[in-house]
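One structure is given here, and the rest of the page talks about it.
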Amino acid sequence: MNIILHEPEIPANTGNIGRTCMATGAGLHLIEPLGFRLSEKELRRAGMDYWHDINVSTYENFAAFKSKNPHAKIWMATTKARSVYTDVKYSPDDFVMFGKESAGIPEEILVDYQATCVRIPMLPESRSLNLANSVAIVIYEALRQNGFADMKMAGELKRLSW
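See the structure below:
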């Protein structure tokens, strides 16, 4: 799986998303402009000591991303979608794109992806969820659909036994 963040603004969100990508084996694709520098301490703090293990790619804009990933199947996570994120079938190499915290994915991009737009259900009075939470919700559904391939499925106690 791959996560695309279109113009993320908050370093702590991107750091948390990076940590989720590391834990799930997902690639992280950042489309500029970013609202922070990749060297910011808030980004590293949220990503903990995992940031150097995350597969991060950056792109000047969405056109540059498409040029370097011409065959990418992209799901667009947006509050404007008609389909629910659990009602579609994700493949292991798919990309899921999320927009910036203040505005989401631009409608100029969404109009070309109507068939692959998905939403997370919320109460009508809610505008949106936190970006890092939204990424976690969708990526774990995609991984569940694909049998959590290559993931550790059982945990163990450190001091005692089950």
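For the sequence shown, the residue numbers in this note's numbering are -4 to 157. C-beta atoms are modelled at their ideal positions from N, C-alpha and C, and glycine is treated no differently.
Asked	Found
Tell me the DSSP secondary structure of Leu25 in three-state form.	strand
Quickly, what does DSSP pair Thr53 with across the bridge? List them, please.	Leu25
Just the Cα atoms here: how many angstroms apart are Val133 and Glu55?	25 Å
Could you round the C-beta distance between Val224 and Pro116 to whole angstroms and report it? I think they count as a contact, below 8 Å.	The displayed coordinates of the chain run from -4 to 157. Any statement about residue 224 would go beyond what the structure contains.
What does DSSP give as the partner residues of His1 in its beta bridges?	Ile26
Of all the options Ala18, Ile100, Trp70 and Arg14, which has the alpha carbon lying nearest to the alpha carbon of Asp145?	Ala18
Which ranges would you report for the beta strand (DSSP E) in the stretch 65 to 127 if only whole runs of at least 3 residues count?	69 to 72, 90 to 93 and 112 to 114
Once DSSP output is grouped into helix, strand and coil, what is the label at Ser129?	helix
Would the beta-carbon of Thr74 fall within 8 Å of that of Arg114?	yes
Would you tell me roughly how many angstroms separate the C-alpha atoms of Ser62 and Phe143, rounded to the nearest one?	29 Å
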